[in-house]
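Numbering (our numbering), first residue to last: 147 to 255. In this text, a Cβ means the ideal position worked out from N, Cα and C, and glycines have one as well. Note that the structure is a prediction, hence the values are computed from the model and not measured.
As structure tokens, this is what we get:
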């Protein structure tokens, strides 16, 4: 990849991370990679291995093709909540639903 292509991929990852409301450190921890290394990926100064690309794609819920090439059909237009729920196990989904029901039924507003 050229430096320009790495920078463009990093910008796509940064936009998604910001959409998720995560810091670089939080995202890196979720992806199980070093925060400094992830920061270098975002600014385009480091290349990703295939293993890192897979981790980043799973964490960001973006396709590898979109991360690398910026093809719009690879990006899913989901809200941060939908992205989080999409990565949940069936048990976690049931618990999340119960928490949301309790929150909405509380009636503080």
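Helix, strand or coil: how does DSSP classify residue i here?
{"i": "residue 217", "result": "coil"}
{"i": "residue 210", "result": "helix"}
{"i": "residue 163", "result": "helix"}
{"i": "residue 252", "result": "coil"}
{"i": "residue 186", "result": "helix"}
{"i": "residue 246", "result": "helix"}
{"i": "residue 197", "result": "helix"}
{"i": "residue 156", "result": "helix"}
I'd like the list of long-range same chain contacts for residue i, defined as Cβ closer than 8 Å, with 5 residues on each side in sequence excluded.
{"i": "residue 201", "result": "177, 178, 179"}
{"i": "residue 167", "result": "226"}
{"i": "residue 255", "result": "The predicted model places residue 255 with a pLDDT of 48, which falls under 50 and marks its position as unreliable; any figure quoted below should be read in that light. Nothing meets the Cβ criterion."}
{"i": "residue 231", "result": "239, 242"}
Can you tell me whether residue i is buried or exposed? The criterion is at least 16 other CB atoms within 10 Å of its CB, across all chains shown.
{"i": "residue 194", "result": "buried"}
{"i": "residue 239", "result": "exposed"}
{"i": "residue 184", "result": "buried"}
{"i": "residue 173", "result": "buried"}
Quick one: what's got a C-beta closer than 7 Å to residue i's C-beta in the same chain, skipping five residues either side?
{"i": "residue 221", "result": "Any reading at residue 221 must be qualified, since the residue scores a pLDDT of 46, below 50, and its modelled position is unreliable; no value is offered."}
{"i": "residue 129", "result": "Nothing about residue 129 can be reported from this structure: the residues present for the chain run from 147 to 255 only."}
Could you tell me the alpha carbon to alpha carbon distance between residue i and residue j, rounded to whole angstroms?
{"i": "residue 235", "j": "residue 153", "result": "33 Å"}
{"i": "residue 250", "j": "residue 243", "result": "11 Å"}
{"i": "residue 187", "j": "residue 165", "result": "17 Å"}
{"i": "residue 116", "j": "residue 241", "result": "Here the chain has residues from 147 to 255 only, and residue 116 is not among them."}
{"i": "residue 245", "j": "residue 233", "result": "17 Å"}
{"i": "residue 191", "j": "residue 157", "result": "12 Å"}
{"i": "residue 155", "j": "residue 216", "result": "7 Å"}
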